[in-house]
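Heads up: the sequence lines are chains A and B, in that order.
Residue numbers for the first sequence follow my numbering, so the first one is 180 and each next one is one higher.
Residue numbers for the second sequence follow my numbering, so the first one is 22 and each next one is one higher.
Note that beta-carbon positions come from the ideal geometry of N, C-alpha and C, so glycine has one too.
These numbers were taken from a predicted model, which means no experiment stands behind them.
Shown next, in structure tokens, is the structure this report addresses.
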Amino acid sequence: KNEVEQSPQNLTAQEGEFITINCSYSVGISALHWLQQHPGGGIVSLFMLSSGKKKHGRLIATINIQEKHSSLHITASHPRDSAVYICAVPASGGGADGLTFGKGTHLIIQP
Amino acid sequence: SQTIHQWPATLVQPVGSPLSLECTVEGTSNPNLYWYRQAAGRGLQLLFYSVGIGQISSEVPQNLSASRPQDRQFILSSKKLLLSDSGFYLCAWSVMEPSQYFGPGTRLTVL
């Protein structure tokens, strides 16, 4: 089964700073998810990527399949970006047996 | 378009009482269905997944069970809740791995 490590666990930054969250996994995968969870608990899917880089607004996700590593970047961070960011990968690499999740990065952006 | 419903949104139950959480998906056929749980201070964990009616796979031994009586209905149950069953329960669906789409979640508090 895949294992996921995320870092940092907690991150506090000032508004406008460039944010990087890292994710490593143990088993080769077909794709990796970045998710956002707000205090109410609901999960929003930000990205699913299998290679290279994806960008959506101020969010950028990159993945290096050979290194089994992905990063999530936030440019010009804003207090509304405060949330828990979670990396997730297929539990067994690519089958239908669900996702394995990192423990999440709790991000706080201060005005 | 596809939608996923979960109810109730929040639930407070006494120890020893039964539990039934329901998840339904609209706008797709023969989805894979998943139940995840996030216990307090912990990451999301896969509980059950189903690739078809009546087909349930369990990932971890626990006080819970799942059933899939219809193609787009997934039910999470318990005969007697424990304090440790408290948490945030997420249902998800997929028709093409590794994509997954998450429901709004149910926050369960067992007192």
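(message) Considering Cα atoms alone, identify which of A:A270, A:A262, A:T199 and A:P269 is closest to I287 (chain A).
(response) A:A262
(message) Is it buried or exposed, P258 (chain A), if we count other Cβ atoms within 10 angstroms and call 16 or more buried?
(response) exposed
(request) Write down the C-beta distance between G126 (chain B) and G281 (chain A) rounded to the nearest angstrom, noting that I regard them as a contact closer than 8 Å. (result) Actually they do not touch by this definition, with Cβ atoms about 18 Å apart.
(request) Spell out the partners DSSP gives Q34 (chain B) in its beta bridges. (result) B:V131
(request) Give the range of the beta strand (DSSP E) segment to which Q188 (chain A) is assigned. (result) Here Q188 (chain A) belongs to no beta strand (DSSP E), and DSSP marks it neither H nor E.
(request) Measuring alpha carbon to alpha carbon, tell me which of B:S22, B:P90 and B:L32 ends up nearest R128 (chain B). (result) B:L32
(request) Give the straight-line distance between the Cα atoms of S78 (chain B) and S224 (chain A), rounded to the nearest whole angstrom. (result) 24 Å
(message) Less than 7 Å between CB atoms is the rule here; does A210 (chain A) satisfy it with respect to chain B?
(response) yes
(message) Just to confirm the assignment, what range does the beta strand (DSSP E) spanning G108 (chain B) have?
(response) G108 to S115
(request) Out of B:E80, B:G75, B:P52 and B:V131, state which residue places its alpha-carbon closest to the alpha-carbon of S271 (chain A). (result) B:E80
(message) For G37 (chain B) and Y110 (chain B), I'd like the C-alpha separation in whole angstroms.
(response) 18 Å
(message) For H248 (chain A), which residues in the same chain have their Cβ closer than 6 Å to its Cβ, ignoring the five residues on either side in sequence?
(response) S203
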